[in-house]
Amino acid sequence: MNYSQKYFVIMGIIFLFMSGFMILTGIMTHSAPPAITYPLLGMMIMSFCLSYLHPQFKEKDERMKLIRYKGMFFSFFALTAYYLLFSIGLNLKILTLSATELLNILMALTMSTVFISFVVLSKRY
C-alpha cells in the first residue's frame, strides 16, 4: 500500500467517524440526522473506493478509460432512476424532504454510485 492509498483510507476513516457521530446525534435526539451527514457518507464511500482504485487509476491505459466510460454510463441510468423515484415520491407525498435534504441526498447518491460502479467494473474487466 503506497502513500496515496493510505491517505485515502485515513480520509475515509475520518469521514466515517464524522458521519457516524452525526447519525448518533440524530438517533439520540429522535430526529433525522443533519443534512450534511449524507454528503459525508458519500465522501467516505468515495475515499474508500479511491484507495482501492488508486493503483489502477494511476495507469492511463485503455482498460481504465473503458472502466471510467462504462462507470459513467451506468451511473447516468442509476441517477435517472433516483431522480424519477424522488420525483414520484415527492409528488405523491410519500416523501417529505426539504430542498437542502433532497440535494444533499442526491449529491451523496451521485458520488456513491459513480465510485461504486468504478469498483465493480474494475473487478469485472
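According to our numbering, the sequence shown is numbered sequentially starting from 54.
Yeah, the Cβ is synthetic: ideal placement off N, Cα and C, and Gly gets one too.
- By the neighbour-count criterion, in which 16 or more other beta carbons inside 10 Å mark a residue as buried, L93 falls on the buried side.
- Straight-line spacing of the CA atoms in S84 and M75 works out to 11 Å.
- Inter-residue distance for S170 and F127 is about 7 Å (C-alpha atoms, whole angstroms).
- In this structure, the straight-line span from the alpha carbon of T163 to that of L132 is close to 7 Å.
- Looking at F68, P87, M97, the one whose alpha-carbon comes closest to that of T153 is P87.
- The C-beta separation of Q109 from S175 comes to about 6 Å, placing the pair in contact by the 8 Å criterion.
- Assignment of I89 by DSSP, reduced to helix, strand and coil, places it in the coil class.
- In the three-state reduction of the DSSP assignment, M54 falls in the coil class, being assigned neither a helical nor a strand state.
- Bounds of the alpha helix (DSSP H) holding L155 are 152 to 177.
- For G65, the closest alpha carbon among the candidates A134, T149, I158, M97 is that of M97.
- By the beta-carbon neighbour count (other beta carbons within 10 angstroms, threshold 16), I158 is buried.
- Here A161 is not near G73, since their CB atoms are 7 Å or more apart.
- Excluding the 5 residues flanking it on each side, Y178 has same chain C-beta neighbours closer than 7 Å at R116, L119, I120, in chain order.
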